[in-house]
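Novice: The structure follows.
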Amino acid sequence: MSSGQPATFAALPRVANVSVLKAETLSATAFSSDSHNSVRRLIAVARGRARIPYLWITVVAALVSIVSLLPLGFIAWVSVQTGWDTAARLIFRGRVGELLINTALLEIATIPIAIILSVALAWLTERTDLPGARLWAWLAVAPLAVPAFVHSYAWVSLVPGLHGLPAGVLVSVIAYFPFLYLPVAAQLRRLDPAIEDAAASLGLNPWEVFFRAVLPQLRLAICGGSLLVGLHLLAEYGLYVMIRFDTFSTAIVDQFQSAFNGPAANMLAGVLVACCLLLLLVEVLLRGGERYARVGSGAARPADRRRLGRMRVPALALHITVAALSIGVPFVTLTRWLFIGGAEIWRLDLVGGAFGQTIFLAVAGGVLATIAAAPMAWLSVRAPGRLQRVFEACHYYVGSLPGVVVALALVTVTVRLVLPLYQTFATLFLAYVLLFLPRAMVGLRSSIAQAPVELERAAMALGRTPFQAVRQTTMRLAAPGIATSTALVALGITNELTATLMLSPTGVETLATKFWSLTSEIDYVAAAPYAVMMVVLSLPLTFLLYSQSRRTAGQ
Amino acid sequence: MTIPVSRSAGAAVLAAVFATLPVGASIALAQDDIGIVVYNAQHESLGVAWAEAFTKETGIPVTLRKGSDMEFANQIVQEGAASPADVFLTENSPAMALVDGAGLFEPVAAETLAQVPKDFQPSNGHWIGVAARSTVFAYDKTKLTEDKLPKSLLDLADPSWKGRWAASPAGADFQAIVSALLALKGEETTASWLAAMKENFTAYKGNSTAMKAVNAGEVEGAVIYHYYYFGDQAKTGENSQNIGLHYFKSQDPGAFVSISGGGILAASQHKEHAQTFLKWLTGKGGQAVLREGTSFEYTVSNGEASNAALTPLADLNYPKVDPASLNSAKVTDMMTAAGLL
Numbered sequence: 001m002s003s004g005q006p007a008t009f010a011a012l013p014r015v016a017n018v019s020v021l022k023a024e025t026l027s028a029t030a031f032s033s034d035s036h037n038s039v040r041r042l043i044a045v046a047r048g049r050a051r052i053p054y055l056w057i058t059v060v061a062a063l064v065s066i067v068s069l070l071p072l073g074f075i076a077w078v079s080v081q082t083g084w085d086t087a088a089r090l091i092f093r094g095r096v097g098e099l100l101i102n103t104a105l106l107e108i109a110t111i112p113i114a115i116i117l118s119v120a121l122a123w124l125t126e127r128t129d130l131p132g133a134r135l136w137a138w139l140a141v142a143p144l145a146v147p148a149f150v151h152s153y154a155w156v157s158l159v160p161g162l163h164g165l166p167a168g169v170l171v172s173v174i175a176y177f178p179f180l181y182l183p184v185a186a187q188l189r190r191l192d193p194a195i196e197d198a199a200a201s202l203g204l205n206p207w208e209v210f211f212r213a214v215l216p217q218l219r220l221a222i223c224g225g226s227l228l229v230g231l232h233l234l235a236e237y238g239l240y241v242m243i244r245f246d247t248f249s250t251a252i253v254d255q256f257q258s259a260f261n262g263p264a265a266n267m268l269a270g271v272l273v274a275c276c277l278l279l280l281l282v283e284v285l286l287r288g289g290e291r292y293a294r295v296g297s298g299a300a301r302p303a304d305r306r307r308l309g310r311m312r313v314p315a316l317a318l319h320i321t322v323a324a325l326s327i328g329v330p331f332v333t334l335t336r337w338l339f340i341g342g343a344e345i346w347r348l349d350l351v352g353g354a355f356g357q358t359i360f361l362a363v364a365g366g367v368l369a370t371i372a373a374a375p376m377a378w379l380s381v382r383a384p385g386r387l388q389r390v391f392e393a394c395h396y397y398v399g400s401l402p403g404v405v406v407a408l409a410l411v412t413v414t415v416r417l418v419l420p421l422y423q424t425f426a427t428l429f430l431a432y433v434l435l436f437l438p439r440a441m442v443g444l445r446s447s448i449a450q451a452p453v454e455l456e457r458a459a460m461a462l463g464r465t466p467f468q469a470v471r472q473t474t475m476r477l478a479a480p481g482i483a484t485s486t487a488l489v490a491l492g493i494t495n496e497l498t499a500t501l502m503l504s505p506t507g508v509e510t511l512a513t514k515f516w517s518l519t520s521e522i523d524y525v526a527a528a529p530y531a532v533m534m535v536v537l538s539l540p541l542t543f544l545l546y547s548q549s550r551r552t553a554g555q
Numbered sequence: 556m557t558i559p560v561s562r563s564a565g566a567a568v569l570a571a572v573f574a575t576l577p578v579g580a581s582i583a584l585a586q587d588d589i590g591i592v593v594y595n596a597q598h599e600s601l602g603v604a605w606a607e608a609f610t611k612e613t614g615i616p617v618t619l620r621k622g623s624d625m626e627f628a629n630q631i632v633q634e635g636a637a638s639p640a641d642v643f644l645t646e647n648s649p650a651m652a653l654v655d656g657a658g659l660f661e662p663v664a665a666e667t668l669a670q671v672p673k674d675f676q677p678s679n680g681h682w683i684g685v686a687a688r689s690t691v692f693a694y695d696k697t698k699l700t701e702d703k704l705p706k707s708l709l710d711l712a713d714p715s716w717k718g719r720w721a722a723s724p725a726g727a728d729f730q731a732i733v734s735a736l737l738a739l740k741g742e743e744t745t746a747s748w749l750a751a752m753k754e755n756f757t758a759y760k761g762n763s764t765a766m767k768a769v770n771a772g773e774v775e776g777a778v779i780y781h782y783y784y785f786g787d788q789a790k791t792g793e794n795s796q797n798i799g800l801h802y803f804k805s806q807d808p809g810a811f812v813s814i815s816g817g818g819i820l821a822a823s824q825h826k827e828h829a830q831t832f833l834k835w836l837t838g839k840g841g842q843a844v845l846r847e848g849t850s851f852e853y854t855v856s857n858g859e860a861s862n863a864a865l866t867p868l869a870d871l872n873y874p875k876v877d878p879a880s881l882n883s884a885k886v887t888d889m890m891t892a893a894g895l896l
């Protein structure tokens, strides 16, 4: 119907179901031909075998969790090492107050705007007869393909005087609102219209239905998306440097460049970590314990699309404006610089080299992070429990730390304790794995959940070793999820700046770091090819993200 | 019939991964012959121009790592004997003084030292000047006339300058100017000047950005180095068309000429090549890159003329500061205390 790719992804769960059915039939045949006792024995054997990997998986997951606590533990250790007097002098000073105010204002101004915008856009694309809804839905996700610091580069090129809080809020909303749009749109597609019908039948007008029946059901999506946006605001570096807005991340890098891994930088990092934890806490409190679920049998029908009527023009205008600001501005700026630069700026040796290194780091980092997240994802599906929740919390916290904090911790640890690992690929990949563990969990968990353990048991009952059983059943069924996870991490690495700048081995230059050093010399023209290549790399990954979100919504 | 789809999807992903890895790895790891490793805190474009010209002439490969003066200096101190760097190039002297203070430099060969006047090297000969840059007040010609310009860098602390000038405090350039102020006027004057600066100035990231802001009319002037102006003039000039350069002269702290340094690390495994590199930088080849290239920094070697577009160094009447006396750690602490970092 539309383009081929979403259809392929939509087909995948069905593919999984078919093979599940076949395997079940298979095992049923195997069992029925045996006597009652031998069936029991078979199951017992299979379970006995199945227990062995769980132990090892738990051990590996525990190891990953311990390593992922390293940056947090490090900050705590440095704080103790620094001594209370010095720490207090470095933390309780005017500059930190300024940064706190800046950061708080940024969060307070950006998140509500992003929420309102995303809910409005998602409502229009999912629940109304907006012309070209599929196109607008795609355009609302597309800004993710443009790295945040390329957004601000585009804006600063267009309006050179842009700076400070208003500029920070503007570019942040534009760069990050898709993180809210995606879950809100997915949730809107999934809602059971029966609740809205009931509300309408009780005499509520359409606005009341929206605010009292629909909006509360979007709460989880909005909280999750807002948390993601909020954490990005704390972590982002390049965007705010370019528009001259100081946050903790920019101040930490300033300190790093003035004194390498000095106590002042580490104390700022400590305050930044505290901000992240505070944000996580606020989200937990706002989210609350309530759940929204359909009780009883039957399936929700897709909701009717509301007719916009005369509102069609303003609705379209909103989508056009957002697309123009978020996609149009980078497109126009990049095209302009490319045009001015002509063929000369395409130094294939330089651009090609950075492109190759970026792909290598992105793919290898994606594979590594996916492998590191696998034991945890496995446990969370197959053996949920208290221990697993502790592990999961460790993974989650490290993923919420800004790249600059993780990088600073790894620089200091490697240079002081394990110098051979300093400035090596090993350390850089460790940083990537830590930063992107939660992303890797996303696809893994859902795809492992789709592969029932019974299949493995059946395979083992039929004589496969546990490893063969996993490889021949679960891993095959989970392949699309594994690919999604890898792609999500790769997207993150392609656009990562601070950790790569601070940790990469000598001679490594990614598209992002090259772009950064050129824009620092305000050579906007020479920087353009690198920005274009980053967008080119990110586009397919963003498309994957988009189709994945539609798939989880069952469409 | 549908199963092969998922199987081939998985296979395709795996195939893609394994096809990409060797390609990427070969690009990433094509570093077997990386030659000498240079920690380059100079502008990337100048570092690349030097490295390319040097390799072309001598066949010795150069691998550059990009960073900033103080970041690298502190990093080298922590790396100690295990530092992978062979050569350290900076924009300013304080970072060189820091590394030298930790005793990590290999003395520079006598014939290299002989190429550069004594003014542009520390007395102990542990490192050497490779280029120089002058402090200027870049001002908006449409707003300020000569009579309204500050006579001294210290004048910018005056309340009348509140909200009217800019600088890039996180940069090594500005920190070098502050260290010169500290060396010339002492701790008390410097601390009160920094406190007044916090009140008066607008912060930008990078000297070129600060100059761009002056040109765009956002502030009236900026304390930067001279060559950002000339570099922009040589390109499109669109970031400097309204800019005038004011040299403080009269041996004012604001007339400080900063020496970009080059040094060889005692930990280097390639000392011979490193010495060759430093000799080349301060010789005809390296200085010609300064004169004919787009960096517009001053040459420092005997008899090597600077770019003809520049005001000659001899006319600047800059204050004499022993580059070895510039105290970077103290400056960073004072600037942190003043709330500038």
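From first to last, the protein sequence lines are chains A and B.
Read in the numbering used here, the first sequence has 522 at position 522, and its numbers run on one by one without any break.
If you want the numbering used here, it's the 1-based position in the second sequence plus 555.
All C-beta atoms, glycine included, are put in the ideal place defined by N, C-alpha and C.
Over what stretch of residues does the alpha helix (DSSP H) that includes B:Val844 continue unbroken?
Specialist: Taking the first residue of the second sequence as 1, we reach residue 844 of chain B at position 289. From DSSP, the alpha helix (DSSP H) with B:Val844 extends over 839-847.
Novice: For B:Pro808, count the other beta carbons within 10 Å of its own beta carbon; 16 or more makes it buried, fewer makes it exposed. Which is it?
Specialist: Within the second sequence, numbered from 1, the residue matching residue 808 of chain B stands at position 253. Residue burial is scored here from C-beta neighbours: B:Pro808 has at least 16 other C-beta atoms within 10 angstroms and is therefore classed as buried.
Novice: Roughly how many angstroms lie between the CA atoms of A:Ala62 and A:Tyr54, to the nearest whole one?
Specialist: Here residue 62 of chain A refers to the residue found at position 62 of the first sequence. Here residue 54 of chain A refers to the residue found at position 54 of the first sequence. If you take the alpha carbons of A:Ala62 and A:Tyr54, they lie about 12 Å apart.
Novice: Going by alpha carbons, who is nearest to B:Trp605 out of B:Val774, B:Leu833, B:Ala722?
Specialist: The sequence position of residue 605 of chain B within the second sequence is 50, counting from 1. Of the candidates B:Val774, B:Leu833, B:Ala722, the one whose C-alpha sits nearest the C-alpha of B:Trp605 is B:Leu833.
Novice: With 9 Å set as the bound, which would you pick, yes or no: does the beta-carbon of B:Ser815 sit closer than that to a beta-carbon of chain A?
Specialist: In the second sequence, counting from the first residue as 1, residue 815 of chain B sits at position 260. Judged by the 9 Å Cβ criterion, B:Ser815 is not in contact with chain A.
Novice: Using a Cβ cut-off of 9 Å (strictly closer), state whether A:Asp254 contacts chain B.
Specialist: What you label residue 254 of chain A is simply residue 254 of the first sequence in a count that begins at 1. Taking Cβ atoms only, chain B reaches closer than 9 Å to A:Asp254, which makes this a yes.
Novice: On a CA-only basis, which of A:Leu228, A:Thr506, A:Gly132 is nearest A:Leu401? Give me that one, please.
Specialist: What you label residue 401 of chain A is simply residue 401 of the first sequence in a count that begins at 1. A:Leu401 has its Cα closest to that of A:Leu228, out of A:Leu228, A:Thr506, A:Gly132.
Novice: Suppose you measure from the CA of B:Glu775 to the CA of A:Pro540; what does that come to, to the nearest Å?
Specialist: Taking the second sequence and counting its residues from 1, one reaches residue 775 of chain B at position 220. Taking the first sequence and counting its residues from 1, one reaches residue 540 of chain A at position 540. When rounded, the distance between both Cα atoms is 46 Å.
Novice: Look up B:Arg620 in the DSSP assignment and give the residues it is bridged to.
Specialist: Within the second sequence, residue 620 of chain B is the residue found at index 65, counting from 1. Beta-bridge pairing by DSSP links B:Arg620 to B:Tyr594.
Novice: Looking at the strands, I want to know which residues DSSP matches up with B:Trp720.
Specialist: Residue numbering aside, residue 720 of chain B sits at position 165 when the second sequence is read from its first letter. Answer is B:Phe756, B:Gly776.
Novice: Note down, in chain order, every chain B residue with its Cβ under 9 Å from the Cβ of A:Pro402.
Specialist: Indexing the first sequence from 1 puts residue 402 of chain A at position 402. Under the 9 Å cutoff, chain B gives no residues; its nearest Cβ is about 18 Å from A:Pro402.
Novice: Show which residues of chain A have a CB atom less than 8 Å away from the CB atom of B:Thr618.
Specialist: Along the second sequence, one-based indexing puts residue 618 of chain B at 63. Ordered by position in chain A, the residues that pass the 8 Å Cβ test against B:Thr618 are Thr506, Gly507.
Novice: Within a Cβ cutoff of 8 Å, which residues of the same chain sit near A:Ala479, ignoring the five residues on either side of it in sequence?
Specialist: As a first step, residue 479 of chain A is located in the first sequence; it is residue number 479 there, counting from the start. Within the same chain, A:Ala479 has close Cβ partners Ser447.
Novice: Can you check which of these residues, B:Thr866, B:Val844, B:Ser856, B:Ser861, is closest to B:Ser600 by C-alpha distance?
Specialist: For the purposes of this step, residue 600 of chain B is identified with residue 45 of the second sequence, where counting begins at 1. Ranked by how close their Cα comes to the Cα of B:Ser600, the residues B:Thr866, B:Val844, B:Ser856, B:Ser861 have B:Val844 in first place.
Novice: Counting only the same chain and skipping the five closest in sequence on each side, list residues whose C-beta sits under 6 Å from that of B:Asp787.
Specialist: Mapped onto the second sequence, residue 787 of chain B falls at position 232. Once the five neighbours on either side are set aside, the close Cβ partners of B:Asp787 are Asn794, Ser795.
Novice: Spell out whether any CB of chain E is found under 9 Å from the CB atom of A:Glu98.
Specialist: Chain labels in this structure do not include chain E; the protein chains are A and B.
Novice: Within a Cβ cutoff of 6 Å, which residues of the same chain sit near A:Phe9, ignoring the five residues on either side of it in sequence?
Specialist: Counted from its first residue, the first sequence places residue 9 of chain A at position 9. Summary for A:Phe9: the model assigns pLDDT 31, below 50, so the residue's position carries little reliability; its value from the coordinates is reported in the next sentence. Counting only Cβ-Cβ distances below 6 Å, and skipping sequence neighbours, we find Ser547, Arg551.
Novice: Comparing alpha-carbon positions, which option in B:Asp877, B:Leu836, B:Ala893 lies nearest B:Ala608?
Specialist: For the purposes of this step, residue 608 of chain B is taken as the residue at position 53 of the second sequence. Nearest option by C-alpha distance: B:Leu836.
Novice: For the alpha helix (DSSP H) that A:Tyr396 lies in, which residues bound it at each end?
Specialist: Against the first sequence, residue 396 of chain A aligns to sequence position 396. 386-399 is the extent of the alpha helix (DSSP H) around A:Tyr396.
Novice: So, for B:Ile589: in the same chain, excluding its five sequence neighbours on each side, which residues have a beta-carbon less than 8 Å away from its beta-carbon?
Specialist: Taking the first residue of the second sequence as position 1, residue 589 of chain B is located at position 34. These residues qualify, in order along the chain: Pro616, Thr618.
Novice: State the DSSP-derived secondary structure class of A:Ser428, mapped to helix, strand or coil.
Specialist: Residue mapping note: residue 428 of chain A aligns to position 428 of the first sequence, counting from 1. Checking the sequence shown, residue 428 of chain A turns out to be Leu, not Ser. Here A:Leu428 sits in helix by DSSP.
Novice: Going by C-alpha to C-alpha distance, which of B:Gly772, B:Tyr873, B:Lys740 sits closest to B:Lys812?
Specialist: Mapped onto the second sequence, residue 812 of chain B falls at position 257. For the sequence presented, residue 812 of chain B should be read as Val rather than Lys. Of B:Gly772, B:Tyr873, B:Lys740, the residue nearest in Cα terms is B:Tyr873.
Novice: Counting only beta-carbon separations shorter than 9 Å, does B:Asn797 have a partner in chain A?
Specialist: Counting from 1 along the second sequence, the entry for residue 797 of chain B is found at position 242. It does not; no Cβ of chain A falls within 9 Å.
Novice: Quick test of your reading: A:Gly164 and A:Arg244, contact by CB under 8 Å. State the CB separation rounded to the nearest angstrom.
Specialist: Here the question's residue 164 of chain A lines up with position 164 in the first sequence. Here the question's residue 244 of chain A lines up with position 244 in the first sequence. Contact holds; Cβ gap of about 7 Å.
Novice: With DSSP as the reference, label B:Arg688 as helix, strand or coil.
Specialist: Counted from its first residue, the second sequence places residue 688 of chain B at position 133. Looking at B:Arg688 - three-state DSSP - the assignment turns out to be strand.
Novice: Starting from B:Ile798, trace the beta strand (DSSP E) both ways and give me its first and last residue.
Specialist: Sequence index remark: in the second sequence, residue 798 of chain B carries index 243 (1-based). Unbroken beta strand (DSSP E) run through B:Ile798: 798-801.
Novice: Please report the straight-line C-alpha distance between B:Leu699 and B:Asp728, rounded to a whole angstrom.
Specialist: Within the second sequence, numbered from 1, the residue matching residue 699 of chain B stands at position 144. Within the second sequence, numbered from 1, the residue matching residue 728 of chain B stands at position 173. Cα-Cα distance, rounded: 24 Å.
Novice: Please determine, among B:Asn857, B:Thr866, B:Gly894, the residue with the shortest C-alpha to C-alpha distance to B:Phe675.
Specialist: Reading the second sequence from its first residue, position 120 is the one you call residue 675 of chain B. Of the candidates B:Asn857, B:Thr866, B:Gly894, the one whose C-alpha sits nearest the C-alpha of B:Phe675 is B:Asn857.
Novice: For B:Asn794, return the contacting residues in chain A, with the cut-off set at a CB-CB distance below 7 Å.
Specialist: The residue given as residue 794 of chain B occupies position 239 in the second sequence. Near B:Asn794 (Cβ distances below 7 Å), the residues of chain A are Ile522.
Novice: Looking at the strands, I want to know which residues DSSP matches up with B:Val812.
Specialist: What you label residue 812 of chain B is simply residue 257 of the second sequence in a count that begins at 1. Answer by DSSP bridge pairing, in chain order: B:Ser689.
Novice: Compute every distance between the C-beta of A:Val381 and the non-hydrogen atoms of the ligand GTP, then say whether any falls below 8 Å.
Specialist: By its list of ligands, the structure shown contains no ligand whatsoever, and the ligand GTP lies outside what it can speak to.
Novice: Terminal residues of the continuous beta strand (DSSP E) containing B:Phe643?
Specialist: Against the second sequence, residue 643 of chain B aligns to sequence position 88. Segment 642-644, the beta strand (DSSP E) holding B:Phe643.
Novice: Would a check of beta-carbon distances place A:Leu90 closer than 9 Å to chain B?
Specialist: What you label residue 90 of chain A is simply residue 90 of the first sequence in a count that begins at 1. Yes, its Cβ sits closer than 9 Å to a Cβ of chain B.
Novice: Grab the span of the alpha helix (DSSP H) containing A:Phe360 for me, first residue to last.
Specialist: Taking the first residue of the first sequence as position 1, residue 360 of chain A is located at position 360. Looking at the DSSP string, the run of the alpha helix (DSSP H) that includes A:Phe360 is 348-382.
Novice: Does DSSP classify A:Ile320 as helix, strand or coil?
Specialist: What you label residue 320 of chain A is simply residue 320 of the first sequence in a count that begins at 1. Here A:Ile320 sits in helix by DSSP.
Novice: Just the Cα atoms here: how many angstroms apart are A:Met267 and B:Met890?
Specialist: Within the first sequence, residue 267 of chain A is the residue found at index 267, counting from 1. Within the second sequence, residue 890 of chain B is the residue found at index 335, counting from 1. A:Met267 and B:Met890: Cα-Cα distance of roughly 16 Å.
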